[in-house]
Amino acid sequence: MPLPSMKDQFAALIAAPSVSCTQPGLDQSNSAVIELLAGWLSDLGFSCDIQQVSPGKFNLLASFGSGPGGLVLAGHSDTVPFDGALWQTDPLRLTEVDGRWVGLGSCDMKGFFALAIEAVKPLLDQPFKQPLLILATCDEESSMAGARALADAGRPLGRAAVIGEPTGLKPIRLHKGVMMERIDILGRSGHSSDPSLGHSALEAMHDAMGELRGLRLQWQREFRNPQFTVPQPTLNFGCIHGGDNPNRICGQCSMEFDLRPLPGMDPQVLRAAIQQKLDPIAERHKVKIDYAPLFPEVPPFEQAEDCELVRVAERLTGHRAEAVAFGTEAPYLQRLGCETLVLGPGDIACAHQPGEYLEMSRLQPTVQLLRQLIGHYCLTPVTAG
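In this text, residue positions in the sequence shown follow full-length UniProt numbering: the first is 1, and each later residue adds one.
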């Protein structure tokens, strides 16, 4: 049976629900997407290895050719949740509107797999000097569990990896880290007319926020990278909850914040600095303070500007490698020994939005670019030095 066309593959991927969400009621399996990709790639002669990461969640690593080195074309198989009432079209149906392919995951980023398959199809009758690997991960939009499992397994992949996240076909070699943290303070409630009857968790949190603001200022003085639109690390106080009535001393308060470190800033060092500021507050206010990440951090990412992959991507795209603020799976692939870049056809401005789309004018340039990358890394003999 002939392989579906690129558009039919693109449409099938969009139609296969694969929402990843921290809320169990919205979370879905990605098995339908993985099965589609494994079927198409197997028909093309790829060897497909499906790894179960957790119940209903899978990674796919498909390889053509063998040996060390080669190229990894990587992406995540999941999408964010969606509110269908806010869409002008069916989010799970590929729709052509004003020169755009509209559908959930068209930009971020299931559609990338259809373009990668289209790129490799006419090359498969040539001898591959090094392997091509196509990687599809699970849960990038929530816990990054798929990429973490891959990194923890420690299996070497290729000498270069390109992640097809939405970058407008511009190579990205740096991004900030993502740390989402929570502070819980347990004090003792009491009647507000006598402060000695309790220990205010709210007042302790006020001091904790003051210390965090001081650390933020210190870090923003110490760390700066002009390649980012926001060149300093950021710390955002996202939400706070505490107490229940004005005439009661607040017995419990919790606060969640988001910290975006620059490359070169170690999340564990940052957490140790925060903990060092919180300990004296707990002692002073006679409260208990629990501080922990909401999720494991996504580390900052930086790929050396003079490496082969950056030079090749800059030459092929005509764009100098840049930096972005959003996090990706790049640090985990880099940990496995790959030179890594983020480079894909979508626009981040429409990702996670109703009416998510991919400009049709980007389809063939992406296919051509991926074909050139495959040619460079897989079809050209490796030379020493």
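Every residue gets a Cβ at the ideal spot worked out from N, C-alpha and C, and that includes glycine.
Query, Result
"Cβ pair D108, P166 closer than 8 Å", "yes"
"In DSSP terms, what V72 is bridged to", "L133, A161"
"Beta-carbon proximity list for F10, same chain, < 7 Å, skipping 5 on both sides", "L94, W101, G111, A114"
"C-beta atoms of M265 and F295 nearer than 8 Å", "no"
"Near the ligand MN: Y291 beta-carbon under 7 Å from a heavy atom", "As far as ligands go, the structure on display features none, and thus does not contain the ligand MN."
"Under 8 Å between C-beta atoms of G177 and R260", "yes"
"Straight-line gap, D306 to Q227 (C-alpha atoms, nearest Å)", "16 Å"
"Span separating the alpha-carbon of D139 from that of G75", "11 Å"
"7 Å Cβ shell around E118 - same chain, five flanking residues per side excluded", "M6, V367"
"Status (buried if at least 16 other CB within 10 Å, exposed otherwise) for C239", "exposed"
"Candidates T229, S192, E96, H206: closest to I185 by CA position", "H206"
"Residue interval of the beta strand (DSSP E) (run including F58)", "57–64"
"Three-pair Cβ contact test at 8 Å for the stretch 48–58 versus the stretch 297–314", "no"
"Same chain, Cβ closer than 7 Å to L13, five either side skipped, listed in chain order", "V33, L36, G105, K110, G111, F113, A114"
"Element boundaries [alpha helix (DSSP H), containing P331]", "330–335"
"CA nearest to the CA of G198, picked from G65, K288, G70", "K288"
"Simplified DSSP assignment, three categories, for T95", "strand"
"Every unbroken beta strand (DSSP E) within the stretch 172–232, with a cutoff of 3 residues, ordered by chain", "172–175, 179–186"
"Beta carbon of V162 nearer than 8 Å to that of L341", "yes"
"Local conformation of W87 per DSSP, three classes", "coil"
"Beta-carbon proximity of L358 to T317, cut-off 8 Å", "no"
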